[in-house]
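This note's numbering runs 367 ahead of the 1-based position in the sequence shown.
We treat Cβ as the ideally placed atom computed from N, Cα and C, and that holds for glycine.
Since this is a predicted model, take the numbers as computed values, not measurements.
First the structure, in the form of structure tokens, and then the observations on it.
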Amino acid sequence: MKTIKTFFLFILLVFISLQLAACSKERAEQVQKNKDAAGKQTEKVHSTGADVQPPGTMENPGKGPVAETENTPPVIKDAKLVLDVDGDRPVLRVEAQAADPDGDDVEMEYKWYRNGEEAGDGERFYEFRGGDSILVRVRAFDGQDYSSERRLSIDIRNTPPRVVNDNSFDFDGKTVTKQIKATDPDGDSLVYRLIKAPDGAKLNEQSGLFKWVVPDDFKGNTPVEISVEDGRGGKTIYKFVITIKEEAERKPVKQE
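This is the structure we're talking about:
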């Protein structure tokens, strides 16, 4: 009887041991499944880019590539050709305004043509005369691209001489001397001619030097009228009056 009880006790212990072993294995398998599931979840998270750092470069960390923008050419907003005088020389100059949509610095370019032939560059042009046909081509440049071209033209008409407004002359008690000064905007040679003057007055036609030997008994006023001509139809009339008040002083009063 005692032997039977011992046998059954042994069977019970074996059974309990098997149950415990089975539970431990099941528990270990569950833990492994949990680990596997966690690993797959982490891999999924990485594959969706949740932890991926934003793109960048060493020079531009944390930022993506910057797209290059196309350059926009400048635009000439206004341009005109002006006939002017620089000192005693006629000059053509361009007045132009340009703008750049990108805010770039703009330089102007000029090319001049006289009677169809290239004649120079620059903002100002001096080499012309009456009868010439002048063309200038204007462009703006922003360092990369040129603007559309503007063309400005002018036909130069003959310009009459200009007499310098100088009223001074000399009287030495016997002779009145006056230098007529004139210029021609077209660069033409000038000829001086007496139109009206007192008897005995003389005028050098090339230099414009006027001389009059005043009679000893003369006092009062005498008008003088001189024509300055450029030989191509241009003419300017210059007038002045010589006044001698007193025979004792015999000093002329300057008038134009």
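If you check the CB distance, Asp553 and Arg506 do not come in under 8 Å. Under the 8 Å Cβ criterion, the stretch 567-586 counts as touching the stretch 535-545, having at least three qualifying pairs. DSSP places Ser594 in the uninterrupted beta strand (DSSP E) bounded by 587-596. Ile547 carries a coil assignment under DSSP once its states are collapsed to helix, strand and coil.
A contact between stretches requires three or more CB pairs, one per stretch, nearer than 8 Å, and the stretch 596-610 meets this requirement with the stretch 545-559.
Shown here for Pro440: same chain residues with a beta carbon closer than 6 Å to its own, the five before and five after excluded, namely Asp512, Ser514 in chain order. Taking 8 Å as the cut-off, the Cβ atoms of Ile547 and Gly575 count as close. At least 8 Å separates the beta-carbon of Val503 from that of Val531. In the three-state DSSP reduction, Ser514 falls in the coil class, being neither helix nor strand. Unbroken beta strand (DSSP E) runs of no fewer than 3 residues, entirely contained in the stretch 437-465, are found at 442-453, following chain order.
According to the DSSP assignment, Lys606 belongs to the beta strand (DSSP E) that extends over 602-611. Residue pairing of Ala507 in beta bridges, as defined by DSSP: Met475. Shortest Cα-Cα distance from Val442 to any of Ala549, Val458, Val449, Gln464 involves Gln464. When secondary structure is reduced to three states using DSSP, Thr526 falls in the coil class, being assigned neither helix nor strand. Just so you know, the alpha carbons of Asp509 and Asp453 end up roughly 30 Å apart. In the same chain as Lys478, and ignoring 5 residues on each side of it, the C-beta atoms closer than 6 Å to its own belong to Asp488, Arg504, in chain order. Note on geometry: alpha-carbon atoms of Asp445 and Val473 lie some 14 Å from one another. Residues Val458, Arg460 of the same chain have their beta carbon placed closer than 6 Å to that of Arg491, with the five preceding and five following residues left out of the count.
Within the same chain, Glu494, Phe495, Asp499, Ile501 come within 7 Å of Arg481 by CB-CB distance, once the 5 residues on both sides are set aside.
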